[in-house]
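Chains as they are written, first to last, in our numbering: chain A, 79 to 283; chain B, 79 to 283. As structure tokens, the structure follows; a few thoughts come after it.
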DNA sequence: CCCTGCCCTGGACGGATGTCAAGATTTTCC
DNA sequence: GGAAAATCTTGACATCCGTCCAGGGCAGGG
């Protein structure tokens, strides 16, 4: 008999998927708290009202659970960033709004971003994560590129950078800010704002 | 009786330290192979000619071993980067040399750099690692800033970026290149070269 | 009413892990 | 050469891990 987690559901697919999401959300909270290396299935279950055995009813193994979590994180991530490019009248306004948006994103959920960088590192060791991580990275790159494109439209100039390079630069700033923010440096957010606002025009020289 | 690993050695301090370094180097190889989350003390010992018990003779616990490894990694790291700013006659030459230097560093030991980003992520969860990681980060920042300063000297212009922001930008490029390089993208190195060469002048506008 | 799926619990398993201690082996020193 | 100290091995410990499984409620339909 195949495990229920591996076979397609005949009926009540929605209920099944719903509980998977519920469990994955709890898993994400635990992961964000402890990090990938310190999170066990039992600890995850302790953060729910269910027992640890249930996790194997909804997920074939630990890898499938984590992978599902990563995908779920991605959905939430993309949704949040969708409205990041606020309406801005001038290039300078957009540059400031960009820095403030990223800083707000960081301050809003630093532990989730910490988890993201953890999982992205893990994907370099665990091949199973690589595909989903690459997808998220691609989505973030698109998000940044929409920002750059909006800036280009306001200035009338063409960006002199590839989308991937632009993303890498912003990501570098963001990750450093996260490192300092979690380390307790209270100037991290302001520095991130300034650095982002300063970076945007540089992509056009 | 206190554990030998916790008390100062009366004699043969050099021998003691020498073996610590030897064990730490073996541990670094294992860590680079498997990543922090999958590396156990027994696995480390298996990569040496010694038994697993010996690790607790030279290190109080796992955290002290990893911390020592991080410090040791730092030393090797700094030493390698010392000569990165090669002699260059023109700004353009330096920009190209910068990209080639970083690309060569990546290609030379990709697994070590993967480990670095893994450990830096872990430091966000394990407070014990934070100090050493911050020190390494500072050293890398200095290395990048020496590069920027050399470029400034050649052009006669003043950089318009803080040292930390410059480091964050280069680090973003480097990390993305590593991600792609390990993912199997054979264009990663060339893109890194180009992106670095393009970034350097941008720090002066 | 019982029967058949579905949902969930709780315990058990084999194995791995960090840590420790007791003893064997080697080195050092008088 | 022999005592003492340093070094190293071996085995054990408690604990935790992922996984699996036997079974208990609990629904709905015959």
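Every residue, glycine too, gets a C-beta built ideally from N, C-alpha and C. It should be emphasised that the depicted structure is a prediction, and the values quoted were computed from it without experimental measurement.
At a cut-off of 7 angstroms, the C-beta of residue 192 of chain A has a neighbouring C-beta in chain B. A distance below 7 angstroms between beta-carbons, with the five flanking residues on each side excluded, links residue 107 of chain B to the following residues of its chain, in chain order: 125. Closest in alpha carbon position to residue 171 of chain B, among B/242, B/233, B/237, is B/233.
In summary, the residues of the stretch 230-246 of chain B whose CB is separated from some CB of chain A by less than 9 angstroms are 238, 239, 240, 242, 243, 245, 246, in the order they occur in the chain. For residue 100 of chain A, the closest alpha carbon among the candidates A/119, A/188, A/150 is that of A/150.
Boundaries for residue 118 of chain A: no alpha helix (DSSP H) harbours it, and the DSSP string shows neither H nor E there. For residue 248 of chain A and residue 146 of chain B, the gap between their C-alpha atoms comes out near 32 angstroms. Minimum Cα-Cα distance from residue 271 of chain A among the listed residues A/200, A/142, A/160, A/184 corresponds to A/184.
When C-beta distances to chain B are compared with 9 angstroms, every residue of the stretch 139-169 of chain A stays at or above that value. For residue 280 of chain A, the nearest CB of chain B lies under 7 angstroms from its own CB, placing it at the interface with that chain. Listed along chain B is no residue with a C-beta nearer than 9 angstroms to that of residue 226 of chain A; the closest approach is about 14 angstroms. Annotation: residue 204 of chain A to residue 109 of chain B spans about 14 angstroms, alpha carbon to alpha carbon. In the assembly as shown, residue 269 of chain A is a buried residue. Its beta-carbon has 16 or more other beta-carbons within 10 Å. For residue 133 of chain B against residue 122 of chain B, the beta-carbon gap comes to about 7 angstroms, under 8 angstroms, which counts as contact. Contact with chain B is absent for residue 262 of chain A, since none of that chain's Cβ atoms lies less than 7 angstroms from the residue's Cβ. Residue 142 of chain A has its alpha-carbon roughly 45 angstroms from the corresponding atom of residue 94 of chain B.
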